[in-house]
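Residue numbering for the sequence shown follows the working numbering, beginning at 3 and increasing consecutively.
Idealized CB from N, CA, C, for every residue including glycine.
From a predicted model like this one, the values you see are computed outputs, not experimental measurements.
Worksheet: one structure, shown below.
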Amino acid sequence: MSDYLVIVESPAKAKTIGKYLGKKYVVKASMGHVIDLPKSQMGVDVENEYSPKYITIRGKGPILKELKQAAKKAKKIYLAADPDREGEAIAWHLADSLNIDKESECRVVFNEITKQAIKDSFKHPRTINNNLVDAQQARRVLDRLVGYNISPLLWKKVKKGLSAGRVQSVAVKMIIDRENEINAFEPEEYWSIMASLTKDGQEFEAKFTQVDGKKKELQSEEDVKEVLSKLNGNDFMIEEVKKRERKRNPVVPFTTSSLQQEAARKLNFRAKKTMMIAQQLYEGIDLGKSGTVGLITYMRTDSTRISDTAKNEARDYIINQYGEEYTSKEEVKQKKSQNSQDAHEAVRPTSVDLDPKTVKANLSRDQFRLYKLIWERMVASQMAPAILDTMSVDLVNNGVTFRANGSKLKFPGFMKVYIEGNDDGKEEKDRLLPDLQEGEVSKAESIEPAQHFTQPPPRYTEARLVRTMEELGIGRPSTYAPTLDTIQRRGYVALDEKRFVPTELGTIVLEMIAEFFPEILNVEFTASMESNLDSIEDGEQSWVGIIDHFYKDFEKRLQYAEEEMKEVEIKDEPAGEDCEKCGHEMVYKMGRYGKFMACSNFPECRNTKAIVKDIGVKCPTCKEGNIVERKSKKRRIFYGCDRYPECEFISWDKPIARPCPKCESPLVEKKSKKGTNVQCTSCDYKEEVN
């Protein structure tokens, strides 16, 4: 008989924990939930206080049988699922299935899988938290009531395979609303005037700001001509020089949301991929002689808080590596979101001493890149602010004022380790100005006006959508990645150049939900429901009461929709060519990754073709074919000859329709965070595009 049985969710986690606990402990994995609502039916008794009907998940019978056999041999059983609502629910169902007294101290939780954290947690077991279980159960029941009632309606009225849910429907609405904003946007003209000046041989730029001490907006070419007509020669008097020191504080450690956003910006990771790799880092990596070690803390959190132990460890590391002046003198605080539960620490390395270089050999490329991001962010959060010397200079010519701004990094502080990314991908650079003094004269080498037009709001990237959902209180850390995955799998939205665009199907489904179930699409309603679930977790409200309050009105709308909702036929758009296999017309279909061509004779003919885009460039290899844009299996854009496989030309960079002026070799566009350049594929010729 073993002394103790410990049950966790995953084999990787079981392996790591087992090494820390020793021979008296047998650690087994439940492989996630073993008990859940049935897939084939709603599984909620609305006539009996919304009582859920739980069953053993199909395929999990042998796992549950093995756990029961192990439980019989153990003197004591510990349930060590993840420290969140889902983990608590898993523990509750296991306790019920294995006849464990739920009032006994059988529950063990930890925020990181390290030797010390595991041993400490087993010294302080607790009872199962019924409030957490109720909160998870309420979400599950609520989603069933919505999804398993509206989805069959959509199958009947539109087509099979559709679904609707509280969070996913609001996410689709946000994407459609943004698309409508873009379509309705009317650009407005505006102008700018830039002067290129010199002082002691050093060039710098200044921008027009005002005339005769009053700010003037340049809305037309006439406004520009009026300003230029006032200029008297090219000499500008330096009227005012302002110099000041500016501090830039470090960012706080990662939450789930900020981790997904930054991984998208810097690593080009999808939210789902970020969470999958973070799970691996959390559960444990084999570091050779050190054994299996959990490298990061729990990755589903909305808190930016870190422990005093972690702070002290980071401080010691910073002093040893960079010096005392690089340590933070005061804690950087971020305004806590009203939706934040602050239940766990931020996502951070379990030990700062396990720096990325030390563990690189034991990690895959993607594991290393994500771990490096998490490690650098946490260390930087405990470092001193960066200090910049800034300079603002007003230059005047006959009452016309231009302003030049410059900055120089005086002390790097946290920027020595980490600089936060931004959505446009541009890097911040020093803008140095010459030594300018009030009363001196600087000569303008050129004064150039430029016409501009206001731009529509950008489509959502995954990072932007996650950030907006978090700000609005829609969903919680564990829901962002699966929500984005679901709306793509259902074909409601697609990604176009890494930005979400709604599909016709998504628009139709949303219009039907908006007409018959408007509360499902109400952002305030969805956010308040999340707050209600949080209040259940805090023991402030009854889960049955909250569900009942929602369902009474929802049931009436459901009955009305059954009678009044009209059937919609979605016709496929003709692709303008015939199927080469059976001769029927090819049509455009929308899949998870965007449009593709498929035979209209489906399911008799299952022929499909990718949509290729001709970029108007002749193949440089065979000279006969045209270069077309394609997508790899991982959805990365590349360029190839349309005569493939006869011609095997391929390029990740976009070819352009002219040869290199130096050597006549093909030219390609090279994209980077700094912009786009045109480069030769053979020699060192290069052109700056932007």
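Which whole-angstrom value describes the C-beta separation of residue i and residue j, a residue pair presumed to lie in contact below a C-beta threshold of 8 angstroms?
i: Pro154; j: His346; result: Incorrect: roughly 38 angstroms between the Cβ atoms, too far for contact.
i: Glu90; j: Asn131; result: 6 angstroms
i: Tyr462; j: Met277; result: Not a contact, Cβ separation roughly 19 angstroms.
i: Ser99; j: Val36; result: 7 angstroms
i: Lys696; j: Tyr646; result: This structure cannot settle anything about residue 696, because the visible part of the chain is limited to 3 through 692.
i: Ser763; j: Val254; result: Coverage of the chain is limited to positions 3 through 692, which leaves residue 763 absent and any answer about it impossible.
i: Glu464; j: Ile572; result: Wrong, their Cβ atoms sit about 26 angstroms apart, outside the cutoff.
i: Asp5; j: Lys26; result: 4 angstroms
Excluding sequence positions up to five away, which residues of its chain have a Cβ less than 7 angstroms from the Cβ of residue i?
i: Tyr590; result: Asp574, Glu575, Ala577, Lys597 and Met599
i: Gly401; result: Val213, Asp214 and Lys232
i: Arg180; result: Pro459, Arg461 and Tyr462
i: Ser165; result: Gly149, Ser153 and Arg492
i: Pro661; result: Ser667, Pro668 and Leu669
i: Pro436; result: Lys201, Asp202, Gln204 and Phe206
i: Ser309; result: Glu347
i: Cys643; result: Cys621, Thr623, Cys624, Gly627, Ile629, Cys649 and Phe651
i: Ser342; result: With a pLDDT of 46 at Ser342, under the threshold of 50, the modelled position of that residue is not reliable, and the figure given next carries that caveat. Closer than 7 angstroms at Cβ, skipping near neighbours: Asp304 and Ser305.
Measure the Cβ-Cβ separation of residue i and residue j and say whether it is below 9 angstroms.
i: Glu648; j: Tyr641; result: no
i: Leu297; j: Tyr373; result: yes
i: Val243; j: Val395; result: yes
i: Glu539; j: Leu134; result: yes
i: Asp391; j: Lys412; result: yes
i: Ala16; j: Thr352; result: no
i: Leu156; j: Val511; result: yes
i: Thr18; j: Thr294; result: yes
i: Leu438; j: Lys209; result: no
i: Phe238; j: Val443; result: yes
i: Ala529; j: Gln262; result: no
i: Gly415; j: Pro252; result: yes
i: Ser259; j: Arg469; result: yes
i: Lys217; j: Asp368; result: no
i: Ile613; j: Ile629; result: no
i: Lys695; j: Glu606; result: No statement about residue 695 is possible, as the shown extent of the chain runs from 3 to 692 and does not include it.
i: Tyr22; j: Lys117; result: yes
i: Glu285; j: Ala14; result: yes
i: Val525; j: Leu560; result: no
i: Asn113; j: Thr306; result: no
i: Asp550; j: Glu49; result: no
i: Ile92; j: Gly34; result: yes
i: Ile658; j: Glu440; result: no
i: Arg141; j: Leu535; result: yes
i: Leu434; j: Leu199; result: no
i: Arg250; j: Pro387; result: yes
i: Arg379; j: Tyr420; result: yes
Tell me which residues share the same chain as residue i and place their Cβ nearer than 6 angstroms to its Cβ, disregarding the 5 neighbours each side in the sequence.
i: Gln170; result: Thr485, Thr488 and Ile489
i: Ala197; result: Ala208, Phe404, Ala446 and Ile449
i: Gly20; result: Val29
i: Ser684; result: Cys665 and Ser667
i: Ile57; result: Pro40
i: Ser653; result: Tyr641
i: Pro504; result: Ile177, Ile178, Glu181 and Val495
i: Gly541; result: Asn133
By Cβ distance below 8 angstroms, which residues in the same chain neighbour residue i in space, the five residues on each side in sequence not counted?
i: Thr303; result: Thr257, Thr258, Ala345, His346, Glu347, Ala348, Val349 and Pro479
i: Lys337; result: Note that Lys337 has pLDDT 49, beneath the 50 cutoff, so the model's placement of it is unreliable and the number below is only indicative. Closer than 8 angstroms at Cβ, skipping near neighbours: no residue.
i: Lys268; result: Leu375 and Gly423
i: Ile515; result: Ile152, Ala166, Ser171, Ile522 and Leu523
With a threshold of 9 angstroms between beta carbons, is residue i in contact with chain D?
i: Asp655; result: Among the protein chains of the structure shown there is no chain D, as only one such chain exists.
Would you call the stretch 70-85 and the stretch 8-16 in contact, with 3 or more CB pairs under 8 angstroms?
-> Yes, the stretch 70-85 touches the stretch 8-16.
Does the stretch 514-529 come within contact of the stretch 541-561, defined as at least 3 CB pairs closer than 8 angstroms?
-> The stretch 514-529 makes contact with the stretch 541-561; the number of CB pairs closer than 8 angstroms reaches 3 or more.
Given 8 angstroms as the limit, is there contact between the stretch 274-283 and the stretch 439-448, that is, 3 or more CB pairs closer than that?
-> These segments do not touch.
Taking one C-beta from the stretch 491-500 and one from the stretch 183-201 each time, how about it: are there three or more such pairs within less than 8 angstroms?
-> No, the stretch 491-500 does not touch the stretch 183-201.
Counting Cβ pairs closer than 8 angstroms, one from the stretch 192-205 and one from the stretch 453-470, do we hit at least three?
-> Yes: the two stretches touch, three or more of their Cβ pairs being nearer than 8 angstroms.
At 3 residues or longer, and completely inside the stretch 432-515: list those beta strand (DSSP E) runs for me, N to C.
-> Fully enclosed beta strand (DSSP E) runs of 3 or longer: 443-455, 495-498 and 501-504.
Okay, do the stretch 35-45 and the stretch 321-334 touch, 3+ Cβ pairs below 8 angstroms being the bar?
-> With a cut-off of 8 angstroms on Cβ pairs, the stretch 35-45 is not in contact with the stretch 321-334, counting fewer than three such pairs.
Considering only residues of the stretch 178-254, which uninterrupted alpha helix (DSSP H) runs meet the minimum length of 4 residues and lie entirely inside it, listed in chain order?
-> As summarised for the stretch 178-254, the continuous alpha helix (DSSP H) elements at least 4 residues long and confined to that stretch are 223-232, given in chain order.
Report the residue ranges of all alpha helix (DSSP H) runs contained in full by the stretch 3-77; include only those spanning at least 4 residues, in chain order.
-> Within the stretch 3-77, the complete alpha helix (DSSP H) runs of at least 4 residues are 13-23 and 63-75.
Taking only runs that begin and end inside the stretch 74-125, name each unbroken alpha helix (DSSP H) of 4 or more residues, in chain order.
-> Listed in chain order, the complete alpha helix (DSSP H) runs (minimum 4 residues) inside the stretch 74-125 are 87-99 and 117-125.
Fully enclosed by the stretch 551-584, which alpha helix (DSSP H) runs are 4 residues long or longer?
-> As for any alpha helix (DSSP H) of minimum length 4 sitting wholly inside the stretch 551-584, there is none.
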